[in-house]
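J.: In the working numbering, the protein residues as written are 1 to 187. Glycine included, C-beta positions come from ideal geometry on N, C-alpha and C.
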């Protein structure tokens, strides 16, 4: 069965903990801390197993606003989505991601972390034997309406792209870290 898994993180020890999810993805209604970005507060995450995308939303709010963070043109062949969390970090781990625009067959591992200060951090690891030249990726952040009943794709409706940038992944290294810091001047 490859459905959606919805853990209650308070059922687990509050130290760094790991959960492997074999469904289509995970909807975590309370990540154990709240993220305030500009005037919006999020306490929930909806993440996909096969797509390198996740939505921040607030399950306990009448405001269905969500923030979609994703790598464009991605696909992962992994069978499990691993999530790790602590008091101020919620991390999703994707293995065997195929998204390199310039070399689409290079398997890459990605950890995407949501931090309590609102930062989003991507830790990208790969082998230079598969990646023989620089790889370009595009990260996009959109805001819109999250429909919590839509257990299919990780998406939002009536969305507006608020950030999009191309990043170079150098082939001659084995790791790249990208940190997205919220702009406090956006309203």
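(1) Provide the residue(s) that pair with residue 123 in DSSP beta bridges, ordered along the chain.
(2) Can you tell me which of the three DSSP states residue 132 falls into?
(3) Would residue 157 be called buried (16 or more neighbouring beta carbons within 10 Å of its own) or exposed?
(4) In the DSSP assignment, what residue or residues form a beta bridge with residue 53?
(5) Between which two residues does the beta strand (DSSP E) containing residue 32 stretch?
(6) Taking 7 Å as the threshold (C-beta atoms), are residue 113 and residue 197 in contact?
(7) Out of 24, 41 and 120, which one is the CA nearest neighbour of residue 71?
(8) Alpha carbon to alpha carbon, what distance is there between residue 25 and residue 35?
(9) So, at 8 Å on beta carbons, what are the nonlocal neighbours of residue 131 in its own chain, with the 5 sequence-adjacent residues on each side left out?
(10) Name the two residues that bound the continuous beta strand (DSSP E) containing residue 84.
(11) I believe residue 178 touches residue 122 by the beta-carbon criterion, under 8 Å. Please report the beta-carbon distance rounded to the nearest angstrom.
T.: Looking at the coordinates:
(1) 111 and 177
(2) coil
(3) exposed
(4) 70
(5) Premise fails: residue 32 is in no beta strand (DSSP E) and is neither H nor E.
(6) Lying outside 1 to 187, the shown extent of the chain, residue 197 is not represented and no answer is given.
(7) 120
(8) 21 Å
(9) 100, 103, 106, 108, 169 and 171
(10) 81-86
(11) 4 Å
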